[in-house]
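Following our numbering, the numbering of the sequence shown begins with 1008 at its first residue and continues without gaps. Yeah, the Cβ is synthetic: ideal placement off N, Cα and C, and Gly gets one too. Please read all numbers here as calculations on a predicted model, not as lab measurements. Heads up: the structure comes next, in structure tokens.
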Amino acid sequence: MFLFHGTEAKLSIVDYNGIKAIRKERIIKNYRIPEIDTFLTKGRIKRESKNLERCRINGCPCPRVYYTDYQQRCIFMEFIENSTSLTDYIKSNNYSLQHLSKMISVAVSAIHLSGVIHGDLTTSNIIVEANSDYEPKIYIIDFGLSFSSSSIEDRAVDLYVLERSLSISLSHICDKMENMFNLVLENYRKIMDDDKNIIKKYQQVKQRGRKKQILG
């Protein structure tokens, strides 16, 4: 079943060895020389699947990779049932923002402690699995722009992207957004046992972002 078609990939729900799964296929870039496109795509697929598994093993809630098919330019991964985007979930539920914030901070810190930068940490890439039988659980998805790094600057940029995404997605409930991100940041700092270096760098990145907005 077709799910989504973006500029970089096509997503569909398929049967993988009797298991409901997501098939993510990288789109061919016709403007590239075929050999170069194949080489670059293989590298991206390899990096994405490797980072997904590395982060999952280190405690980040993210989809399990079942199989990587370089020939078909795709990754088969776990399908998360009963899930919705973080933004939609917050809009339609009164679930504790404090608990959601804690889950997000645990997930983001697990990614960073794995030596990985997500690269696109937006609310669209944080989904909530909601089931009436148990508490909601968040998953981080789409590691297509992820890369290996333990740089404080890179980690700070990840946090800034998340803050900006929350600001835009939840602009209609600004007080919730600010409170939620502050909770994420506070928990993240505790988990990372940070001596304020990352938070200080985040503030610098945020300031640069504001200057860009003002100057255009």
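Verify whether the separation of the beta carbon atoms of Ala-1114 and Pro-1068 is less than 9 Å.
-> yes
Going by Cα to Cα distance, which pick from Val-1168, His-1119, Lys-1109 and Asp-1022 is closest to Ser-1131?
-> Val-1168
Out of curiosity, what's the CA-to-CA distance linking Met-1187 and Ile-1198?
-> 17 Å
Assigned exposure category for Asn-1194 - 16 Cβ within 10 Å defines buried | buried
DSSP beta-bridge partners of Asn-1138 | Tyr-1141
Are the CB atoms of Tyr-1023 and Tyr-1073 nearer to each other than 9 Å?
-> yes
Cβ pair Val-1123, Arg-1061 closer than 9 Å = yes
Give the secondary structure of Leu-1166 by DSSP, where H, G and I count as helix, E and B as strand, and everything else as coil.
-> helix
C-alpha gap between Gln-1105 and Val-1191, whole angstroms | 8 Å
Ile-1221 versus Ile-1026 - alpha carbon distance = Low per-residue confidence applies at Ile-1221: pLDDT is 41, beneath 50, and the placement is therefore not dependable enough to give any value.
Within 10 angstroms of its Cβ, does Glu-1170 collect 16 or more other Cβ (buried), or is it exposed?
-> buried
Going by the beta-carbon positions, is the gap between Phe-1083 and Thr-1075 smaller than 9 Å?
-> yes
Same chain, Cβ closer than 6 Å to Phe-1009, neighbours up to 5 away in sequence not counted = Ser-1019
Could you check how far apart the C-beta atoms of Glu-955 and Arg-1033 are, in whole angstroms? I think they sit under 8 Å.
-> Only positions 1008 to 1223 of the chain appear in this structure, which leaves residue 955 out of reach.
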